[in-house]
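Protein chains in written order, with this note's numbering: chain Z, 1 to 170; chain S, 171 to 579.
Down below is the structure, laid out as structure tokens.
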Amino acid sequence: MDKKLEPIVQALQENFGITSEEFRGEVHVFIKAEDIVAALTLLRDKYDFELLSALTAIDYLPQLSPRFHVIYQLTSLARNLSLQLRVPLDDGHPHIPTATGVYEVANWRERELLDMFGIVPDGHPDPRRILMPEGTEGHPLRKDFPLGYEEPQFTFNFDEIDLRKPYAKE
Amino acid sequence: MAQLEEVSVEQFKHLVSERALTGETMLLNMGPQHPSTHGVLRLLLELDGEVVINAIPDIGYLHTGIEKNIEAKTYLKAEVMTDRLDYMNNMGNNLVYCMAVEKLVELDVPERALTIRVILAELERVNSHLVWIGTFGLDLAAMSMFLYAFRERERILDIKELISGQRMMTTFIRPGGIWRDVPVEFESAVRDFIRMMPKRIDEYEALLTKNPLFLDRLLGIGKLDPAVALQHGVTGPMLRASGVNWDLRKARPYLGYEQYDFNVPVRTEGDTYARYIVRVEEMRESLKIIEQALNKLPLGPVNSNNRKFVPPPRSELGVSMEALIHHFKLWTEGFPAPNADIYQAVESPRGELGVLLAGDGGPKPRRCHWRTPSFDNLSVLPKIVKGHLVADLVAILASVDIVLGDIDR
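Structure, rendered in structure tokens:
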């Protein structure tokens, strides 16, 4: 582990009782969902992690507990460090507290989580879908969502397929 | 297929001010089909006369599900889709994807391939900025700028065609190296280009930089505070135009960028004009890097000889049984990657382009998330357009340099 990261992970350990692991020089810190806002605030204010580079999730189906890892990739410009926070979430109805108050970029990124994984950001100011149309069923990046296809239409069966195509309603 | 349901207006009421509900302000749709939105971006504007009170971006019209599709392909085959994400920076997307795969499976890359990658990445940066300066001029009614910039861009596309046979979707950079060595004409073609280009940039600057009409449209428009920029995850030229010196090529050198001598242009004004200056300067710096890379271009192999990950050259297939087996295995089954994940970021023309690549122990990725710079750069737009005129909105949107393929993925 990078020498400069050690005191930061130590501080997280003391405050939140986290576990950490390292892979290819990247430090991953596992933290509970209820602590994430406090941890992000601590990292931003005390350890100069000004930038939330990425906020996304990984679906580990068929494993159900935890099924998701929500990933917060943080960057410190002043110290030139990277740190990854991970929140494991169980299957069922996954919730995370919103980080919009700490990093405003989380606003759109959490909408993407809601849209793509169905992970609900509690307290989000504008919880709507972002990429898929309003009213879509399901969450496309979940492993149990089929890849899907579009039926090719030819002259002889154009109308027949057109009738069952899922167009947006007027 | 999922069915689309009826959507009520009620759930969108909180997006606009209360004055819109009484009809005091006007709601106007800009896009999705609008020339100055650079693709299919819809902006819902709340206007008080000519003044923008609120802008609500609506994205997703170009959503292609590439992240989902990558999960169904092997590591080698998924790369074809990465070109299509940010279609102004094809090589850059290949580059970050390949670097992510190389980091995940610990693959080495020979020196010559690294240097060629630097040349291509910087050519792509010039290419992207040329398209940007052209469309920026077009949005501000400098039609000739568009034609000049695309004339020069054509030279870069010719170079890409020369090395890969394709003008845009090249898939030239591959895990472990590059597709194949560049032809002998490559060096003279690139040298011709970098000899011609500085004069052409001078010409653009003569047209625009001190043009009073241009200055009137840009100075003090769309000011972005560095603290707000960082809160919104803004990176790249937009962040550097706000006075934050952050360039991954300098801060965390990859591909041996530490060997090259170049500056990172930074302006402190944070307005639309500063973004223009930063990008023009960046083109000049990229040309400097290309020249240094060409001068030191070493000889040697362009692919790792780790046959467990890199397919053998065509010439070996006829004479070596081993090579044939490796070729067959790599293109049918693919190679396994560990059950773990890594995050790899590079500096794209628009900012920090990152890939979070998660393996599952098998030949297909579990997850490939693209942290695309345009997505976060666009999210700051509602903040910086408030109080400006609709005509200024066009200038600000152009200065953000969004690519919709990059945003919607």
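Backbone N, C-alpha and C fix where the C-beta goes; we use that ideal spot for every residue, glycine too.
All figures in this text were calculated on a predicted structure; none of them were measured in a lab.
Supposed contact pair residue j and residue i - C-beta distance, whole angstroms, cut 8 Å
i                     : j                     : result
residue 520 (chain S) : residue 571 (chain S) : 6 Å
residue 217 (chain S) : residue 560 (chain S) : 7 Å
residue 36 (chain Z)  : residue 89 (chain Z)  : In fact, because the Cβ distance is near 11 Å, the residues do not count as touching under 8 Å.
residue 443 (chain S) : residue 385 (chain S) : 7 Å
residue 23 (chain Z)  : residue 512 (chain S) : 7 Å
residue 541 (chain S) : residue 524 (chain S) : 4 Å
residue 332 (chain S) : residue 353 (chain S) : 6 Å
residue 425 (chain S) : residue 416 (chain S) : Not quite, the Cβ-Cβ distance comes to about 18 Å (not below 8 Å), so this is no contact.
residue 282 (chain S) : residue 469 (chain S) : 7 Å
Cβ neighbours of residue i in the same chain (closer than 8 Å, five flanking residues each side left out)
i                     : result
residue 5 (chain Z)   : 27, 81 and 83
residue 230 (chain S) : 578
residue 478 (chain S) : 496 and 505
residue 487 (chain S) : 493, 494 and 497
residue 476 (chain S) : 277, 278 and 346
residue 122 (chain Z) : 95, 96, 97 and 98
residue 414 (chain S) : 396, 399, 400 and 436
residue 503 (chain S) : 244 and 533
residue 301 (chain S) : 258, 319, 320 and 323
residue 78 (chain Z)  : 48 and 50
residue 34 (chain Z)  : 97
Buried versus exposed call for residue i [16 or more other C-beta atoms within 10 Å across all chains shown]
i                     : result
residue 116 (chain Z) : buried
residue 19 (chain Z)  : exposed
residue 161 (chain Z) : exposed
residue 238 (chain S) : buried
residue 330 (chain S) : buried
residue 158 (chain Z) : exposed
residue 261 (chain S) : buried
residue 99 (chain Z)  : buried
residue 3 (chain Z)   : exposed
residue 509 (chain S) : exposed
residue 192 (chain S) : exposed
residue 263 (chain S) : buried
residue 363 (chain S) : buried
residue 545 (chain S) : buried
residue 473 (chain S) : buried
residue 307 (chain S) : buried
residue 323 (chain S) : buried
residue 15 (chain Z)  : exposed
residue 501 (chain S) : exposed
residue 156 (chain Z) : exposed
residue 199 (chain S) : exposed
residue 449 (chain S) : buried
residue 531 (chain S) : exposed
residue 535 (chain S) : buried
residue 208 (chain S) : buried
residue 522 (chain S) : buried
Sequence-distant residues of the same chain with beta carbon closer than 6 Å to residue i, five excluded per side
i                     : result
residue 75 (chain Z)  : 51, 53 and 82
residue 9 (chain Z)   : 20
residue 549 (chain S) : 402
residue 109 (chain Z) : 55
residue 248 (chain S) : 240
residue 270 (chain S) : 514, 525 and 527
residue 309 (chain S) : 206, 564 and 568
residue 367 (chain S) : 457
residue 189 (chain S) : 195
residue 171 (chain S) : With a pLDDT of 46 at residue 171 (chain S), under the threshold of 50, the modelled position of that residue is not reliable, and the figure given next carries that caveat. The answer is none, since no qualifying residue turns up.
Nonlocal neighbours in the same chain, by C-beta distance under 7 Å from residue i, ignoring five residues either side
i                     : result
residue 57 (chain Z)  : 68, 69, 70, 71, 113, 117 and 119
residue 128 (chain S) : In the structure as shown, chain S begins at 171 and stops at 579. Residue 128 (chain S) is therefore absent and cannot be evaluated.
residue 273 (chain S) : 512 and 514
residue 419 (chain S) : 427 and 517
Closer than 7 Å: residue i CB and nearest the ligand ZN heavy atom
i                     : result
residue 555 (chain S) : This structure lacks the ligand ZN; in fact it carries no ligand of any kind.
Neighbour flag for residue i against chain C, beta carbons, 8 Å
i                     : result
residue 328 (chain S) : Of the protein chains in this structure, namely Z and S, none is chain C.
Exercise for the section: For the stretch 106-157 of chain Z, list the alpha helix (DSSP H) runs that are entirely contained and at least 4 residues long, ordered along the chain. Expected result: Every unbroken stretch of the alpha helix (DSSP H) spanning 4 or more residues and falling wholly within the stretch 106-157 of chain Z is given here in chain order: 106-117.
Practice task
Flag this pair as touching only if the stretch 106-126 of chain Z and the stretch 147-163 of chain Z have three or more C-beta atom pairs under 8 Å; answer yes or no.
Solution key: Remark: fewer than three beta-carbon pairs, one from each stretch, lie closer than 8 Å, so the stretch 106-126 of chain Z and the stretch 147-163 of chain Z are not flagged as touching.
Handout entry: Runs of alpha helix (DSSP H) wholly within the stretch 364-396 of chain S (minimum 4 residues, chain order)
Key = Counting whole runs of 4 or more residues, the stretch 364-396 of chain S contains the alpha helix (DSSP H) stretches 382-388.
Exercise for the section: Let me know the beta strand (DSSP E) ranges lying completely inside the stretch 184-261 of chain S, each 3 residues or longer, listed in chain order. Expected result: With a minimum length of 3 residues, the continuous beta strand (DSSP E) runs that stay inside the stretch 184-261 of chain S are 196-200, 212-218 and 221-228.
Practice task
Decide if the stretch 344-362 of chain S is in contact with the stretch 269-287 of chain S; the criterion is three or more beta carbon pairs, one per stretch, under 8 Å apart.
Solution key: The stretch 344-362 of chain S makes contact with the stretch 269-287 of chain S, as at least three CB pairs between them are under 8 Å.
Exercise for the section: Count the C-beta pairs between the stretch 450-467 of chain S and the stretch 255-270 of chain S that are closer than 8 Å, then say yes if the count reaches three, no if not. Expected result: They do not touch, by the three-pair rule.
Practice task
Evaluate contact between the stretch 388-395 of chain S and the stretch 549-558 of chain S, counting only Cβ atoms and requiring at least three cross-stretch pairs below 8 Å.
Solution key: Counting Cβ pairs under 8 Å, three or more are found: they touch.
Practice task
Jot down the residue ranges of each uninterrupted alpha helix (DSSP H) in the stretch 384-467 of chain S, minimum 4 residues, whole runs only, in chain order.
Solution key: DSSP runs (the alpha helix (DSSP H)) wholly in the stretch 384-467 of chain S: 396-401, 407-410, 418-421 and 442-466.
Exercise for the section: Please specify which runs of the beta strand (DSSP E), each continuous and at least 3 residues long, are wholly inside the stretch 38-66 of chain Z, giving them in chain order. Expected result: Counting whole runs of 3 or more residues, the stretch 38-66 of chain Z contains the beta strand (DSSP E) stretches 51-59.
Handout entry: beta strand (DSSP E) runs contained entirely in the stretch 74-99 of chain Z, provided each spans 3 or more residues
Key = Within the stretch 74-99 of chain Z, the beta strand (DSSP E) runs of at least 3 residues that lie entirely inside it are, in chain order, 81-89 and 95-97.
Handout entry: Any alpha helix (DSSP H) of 4 or more consecutive residues that is wholly inside the stretch 257-314 of chain S
Key = Counting only runs of 4 or more, we get 260-275 and 281-309.
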